[in-house]
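Below is one structure, written out as structure tokens, with a few remarks after it.
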Amino acid sequence: MAIIGEIIKKAIEISNNIIDTPDPVPAQQQLFNDILEKAKNTSFGKFYKFEEILNEKDSYQAFSSRIPYYDYDKIYSEWWKDVYSGVSDVTWPGRPDFFALSSGTTSNTKYIPVTDDMLISIRNAGIKQLLSIAKFDLPSSFFETEILMLGSSTDLKEVKGHLEGEISGISAYNIPFWFRRFYKPGSKISSINNWDERVKQIAINAPDWNIGGLSGMPSWIELMLKRIIEYNGLKNIHEIWPNLEVFTSGGVNFEPYRKSFEKILGRPIIILDTYLASEGYLASQLKTDTDSMTLLTNNGVFFEFVPLTSENLNDDGRVAENAKALTIAEVEEGVDYILIISTVAGAWRYMIGDTVKFTDKEKVEIKLTGRTKSFLNVVGSQLSEYQMVNAVKELEIEYNINIQEFTVNAVKCEGSYIHRWYFGCKECDFNIDETTMAKQLDKILQIKNKNYKVARSKALDNPQVKLIPVKLFHDWVEAKNKKGGQTKVPKVMDRKLFEEWENFVYR
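So in the working numbering, the last spot in the sequence shown is 501, and the numbers never skip.
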């Protein structure tokens, strides 16, 4: 019997029983008041008169009517460029010691402030996630194991008196001292910048570790596990890590990877979703009876929700200026919303770029449904990423294939538009008739979305489908020098990036 593990497990169960689970509506109202109070003497707070807003009878109404929506470009050009240059008290008190770099596949780098208050909120969210594990009835031996976190490098770059890196690297860099004995691959290996070399060192050292939990992006975790299996001559990963019980997945939908993961595991493990973005830790899967995530309503982030409609989203993917936002008390289940956040890092009415839907309003449980830039609305098709993902799932079932990645764009061809799809397929029969598959995809989408059906009767022609090895998606990311970490391939690319993509595929 794992005596120490049993003691730790009991301690976590007790802590989890007494941990505060707040009523989300008053928790958000209190947090709203707190962050405005703390930021009222910043340049941003003075400009928008936070003190006056706090004295209004309906402070949220005053806030939402006075402060515009911001995307990254707008808030950086108007405010964060001064923060980045070292100016204090701009959008949050003090000056941040860290900036999170975005990890998109485009060449544009985003610099997002990470304040001490945001680091505390990320740490609290991580502890809450850890404590929630007590609900999953894990063996005592699990609580004596180590956790392997595969993110970006912790070798942060010093610039203008602050440190820069991806949020996963910043989070690992700031791991509390009491957690370091559980953390793998450890500071020496995690600071290796080259992703392939870092994974090689993980494979070399893997036999010396007792890993019970994994954390990271599914695509990169899968590649890492395969390297470990290959390097150590294993049949599956449980041969070397028999106590592996939990994988904490983040950033993307895990389902496309489930089949391939099952092949490299010796037995089933628990899959938990988390929502850690560069702008903060927003939600975690905390319960056993759902695969939805719970919004963290008292942890440094104030949430607003704009219904995802063509009227509320401009052609450039930004929220329309006159779009009405809803609070957590006003949302409905099953509706796609554009997520807007205000945070203890000095983001205000900030469009993070993700869409969500509530699966349980009372428990504030959500699912990520896509990216606003993945809202494909050429000639009024109004396809959300969630609808596209579900259509691809139906194709997988019908053709008995595993599509792990896809990207699509609307291409003008002989006076009309077509949706051109690329499916990154794993262990597929590449002799499948792509024209027939495209017709089936078209049929599914017309059933799922009446706007798409109307568009198909007008200026939107038959879609095209191209099956390619999923490795091409990984190679594309590597070619962009974005391998590892939280990097994702856009489900919908803009024209320029799609041209680069096609040139890469057919090179």
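We put the beta carbon where it would ideally sit given N, CA and C, even for glycine.
Quantities reported herein were computed from a predicted structural model and do not represent experimental measurements.
Using the Cα positions of residue i and residue j, report the straight-line distance between them to the nearest angstrom.
{"i": "SER101", "j": "VAL313", "result": "Since pLDDT at SER101 reaches only 43, below the 50 mark, its modelled position is unreliable, and no value is offered."}
{"i": "ASN445", "j": "LEU454", "result": "11 Å"}
{"i": "ILE397", "j": "PRO484", "result": "15 Å"}
{"i": "THR99", "j": "VAL471", "result": "Because THR99 carries a pLDDT of 43, less than 50, the predicted location of this residue cannot be relied on, and no value is offered for it."}
{"i": "SER126", "j": "ILE265", "result": "13 Å"}
{"i": "VAL193", "j": "SER165", "result": "19 Å"}
{"i": "SER254", "j": "GLU216", "result": "8 Å"}
{"i": "ILE69", "j": "ALA341", "result": "8 Å"}
{"i": "ASP354", "j": "TYR225", "result": "44 Å"}
{"i": "ASP52", "j": "TYR275", "result": "28 Å"}
{"i": "LYS182", "j": "ALA317", "result": "48 Å"}
{"i": "HIS413", "j": "GLN381", "result": "14 Å"}
{"i": "GLU0", "j": "SER147", "result": "Per-residue confidence for GLU0 stands at a pLDDT of 44, beneath the threshold of 50, marking its modelled position as unreliable; the derived number appears in the next sentence. Distance between the alpha carbons of GLU0 and SER147 is about 34 Å."}
{"i": "LEU280", "j": "THR429", "result": "43 Å"}
{"i": "TRP203", "j": "ASN118", "result": "26 Å"}
{"i": "THR268", "j": "VAL338", "result": "19 Å"}
{"i": "TYR105", "j": "ASN188", "result": "21 Å"}
{"i": "LYS490", "j": "LEU370", "result": "16 Å"}
{"i": "GLU191", "j": "ILE263", "result": "27 Å"}
{"i": "ASN11", "j": "CYS419", "result": "Residue confidence for ASN11 is low, a pLDDT of 47 falling below 50, so the modelled location carries little weight; the figure read from the coordinates is stated next. ASN11 and CYS419: Cα-Cα distance of roughly 44 Å."}
{"i": "LYS503", "j": "GLU399", "result": "Nothing can be reported for residue 503: it is not among the residues displayed for the chain, which extend from -5 to 501."}
{"i": "PHE41", "j": "ASN35", "result": "9 Å"}
{"i": "LYS178", "j": "LEU302", "result": "40 Å"}
{"i": "PHE241", "j": "TYR331", "result": "27 Å"}
Per DSSP, what kind of secondary structure is residue i in: helix, strand or coil?
{"i": "THR36", "result": "coil"}
{"i": "MET487", "result": "coil"}
{"i": "LEU333", "result": "strand"}
{"i": "GLN376", "result": "coil"}
{"i": "MET218", "result": "helix"}
{"i": "VAL499", "result": "helix"}
{"i": "LEU259", "result": "coil"}
{"i": "VAL313", "result": "strand"}
{"i": "LEU290", "result": "coil"}
{"i": "ALA56", "result": "helix"}
{"i": "ALA453", "result": "coil"}
{"i": "GLN398", "result": "strand"}
{"i": "TRP415", "result": "strand"}
{"i": "TYR70", "result": "helix"}
{"i": "SER101", "result": "Any reading at SER101 is ruled out, since the residue's pLDDT is 43, under 50, leaving its predicted position unreliable."}
{"i": "SER410", "result": "strand"}
{"i": "LYS482", "result": "coil"}
{"i": "VAL350", "result": "strand"}
Is residue i near the ligand ADP, with its Cβ less than 8 Å from a heavy atom?
{"i": "ASP354", "result": "The model depicted lacks the ligand ADP and carries no ligand whatsoever."}
Since residue i and residue j should fall inside the 8 Å C-beta cutoff, what is the C-beta to C-beta distance between them, to a whole number of angstroms?
{"i": "SER37", "j": "VAL84", "result": "5 Å"}
{"i": "ILE205", "j": "LEU238", "result": "6 Å"}
{"i": "GLY364", "j": "THR349", "result": "5 Å"}
{"i": "PHE492", "j": "ALA473", "result": "With a Cβ gap of about 15 Å, PHE492 and ALA473 do not count as contacting."}
{"i": "LYS357", "j": "THR288", "result": "7 Å"}
{"i": "ALA33", "j": "TRP86", "result": "6 Å"}
{"i": "TRP415", "j": "PRO463", "result": "Not confirmed; about 15 Å, so no contact."}
{"i": "ALA94", "j": "SER272", "result": "4 Å"}
{"i": "GLY145", "j": "GLU160", "result": "7 Å"}
Taking all protein chains shown into account, do 16 or more other C-beta atoms lie within 10 angstroms of the C-beta of residue i, making it buried, or fewer, making it exposed?
{"i": "SER96", "result": "buried"}
{"i": "TRP214", "result": "buried"}
{"i": "SER58", "result": "buried"}
{"i": "PRO90", "result": "buried"}
{"i": "TYR64", "result": "buried"}
{"i": "TYR500", "result": "exposed"}
{"i": "ALA323", "result": "exposed"}
{"i": "CYS407", "result": "exposed"}
{"i": "GLY409", "result": "exposed"}
{"i": "GLN55", "result": "exposed"}
{"i": "ARG175", "result": "exposed"}
{"i": "ILE441", "result": "exposed"}
{"i": "PHE92", "result": "buried"}
Are the CB atoms of residue i and residue j nearer to each other than 9 Å?
{"i": "THR284", "j": "GLU359", "result": "yes"}
{"i": "SER209", "j": "GLY260", "result": "no"}
{"i": "TYR154", "j": "SER79", "result": "The amino acid at residue 154 is misidentified as Tyr; the sequence shows Lys. Result yes, Cβ atoms of LYS154 and SER79 sit closer than 9 Å."}
{"i": "ASN384", "j": "VAL486", "result": "no"}
{"i": "LEU377", "j": "PHE417", "result": "no"}
{"i": "LEU270", "j": "SER162", "result": "yes"}
{"i": "CYS207", "j": "LEU25", "result": "The amino acid occupying residue 207 in the given sequence is Gly; Cys does not appear at that position. No, Cβ-Cβ distance for GLY207 and LEU25 is not below 9 Å."}
{"i": "LEU150", "j": "GLU158", "result": "yes"}
{"i": "SER336", "j": "ASN443", "result": "no"}
{"i": "PHE297", "j": "THR321", "result": "yes"}
{"i": "ARG343", "j": "ILE29", "result": "no"}
{"i": "GLN434", "j": "GLU392", "result": "yes"}
{"i": "PHE248", "j": "PRO212", "result": "yes"}
{"i": "LYS361", "j": "SER286", "result": "yes"}
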